[in-house]
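Under our numbering, think of the first position of the sequence shown as 4, with each following residue one higher. In what follows, a single structure is set out as structure tokens and then discussed.
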Amino acid sequence: MPLTDKQIAKLSQLQDQNIGVKPEEGCILSGLASKVDAGHAIVEIGTYKGKSTCWIAMGSKMGHGAHIYAIDLWDTPSGDPGYEELRCKRTYADPKTKQTFIQQIQDMGVDDLITPIQGFSHKVASTWDKPVGMLFIDGHHAYKSCKLDYDSWSKYIVPGGYLVFHDNNMKGVKQVIAELPKDQWGELTTRRFTTYTVRLSNSDQEGG
Ligand SMILES: C[S@@+](CC[C@H](N)C(=O)[O-])C[C@H]1O[C@@H](n2cnc3c(N)ncnc32)[C@H](O)[C@@H]1O
């Protein structure tokens, strides 16, 4: 069942300082999330004010109700002076950003489907123990950071699970996508700045 026009309008109006996903990308995220098994986790790296999280959660709600783990540093210092400057400009580190996230997931009625995790994405990955049906990477877009997100999280994605990148127009993200091992991932689908693919199973790989 697709999202209604009313739901799309409400999701499109969520706060994001104009850096969050656009409606056509949100519809892709919700469509993929609706297909994720209830027993598999949906992991989002880079939640910010929760706009993409809400699109994903609405999709999951219409589908099988897979739980969403929304990871962000929010007001945790990044330790990188250059990135700290960007964080200030974009209000990533403003304490009000996390409050807005909480408010928006409550207003959309999806807070029960979402567990916020505050911290560095790769550190969260180091103790992770659940199969992942969808991984959405939208954290720091420098090559090193995006690659670290891919390397530390992609191993948890189950066969048939989705790997999704936002901001595929950013140099670092573009490079990580270009380097994806072709024997592990299916065809790439791109819509605006969102690119996704699916984890191949052993039989897909054998079939060539
Ligand atoms: C572009 S914003 C995300 C926008 C959001 N996905 C949306 O569409 O509404 C990027 C977010 O990634 C977070 N971030 C960057 N590096 C991170 C890291 N290593 N671990 C966790 N969060 C990180 C930032 O704090 C920021 O809120």
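Idealized CB from N, CA, C, for every residue including glycine.
Assuming Val39 contacts Met173 under a Cβ cut-off of 8 Å, what Cβ separation, rounded to an integer in Å, is found between them?
Not quite, the Cβ-Cβ distance comes to about 26 Å (not below 8 Å), so this is no contact.
Which of the three DSSP states, helix, strand or coil, is assigned to Ala73?
Strand, per DSSP.
Run of the beta strand (DSSP E) containing Val176, from where it starts to where it stops:
Here Val176 belongs to no beta strand (DSSP E); instead the alpha helix (DSSP H) covers Lys174 to Ala181.
With DSSP collapsed to three states, give me the class of Gln20.
coil
Do the CB positions of Ala60 and Leu17 come within less than 8 Å of each other?
no
Answer with buried or exposed for Thr103, where buried requires no fewer than 16 other C-beta atoms within 10 angstroms of its C-beta.
buried
Inter-residue Cα distance where the pair is His125 and Ile11
If I take the Cα positions, the gap works out to 32 Å.
Helix, strand or coil at Thr50 according to DSSP, with G and I counted as helix
coil
Please determine whether the Cβ atom of Lys147 lies at a distance below 7 Å from any heavy atom of ligand 1.
no
Three-state secondary structure (DSSP) at Arg195?
coil
Along the beta strand (DSSP E) that carries Pro26, what are the first and last residues, could you check?
Here Pro26 belongs to no beta strand (DSSP E); instead the alpha helix (DSSP H) covers Pro26 to Lys38.
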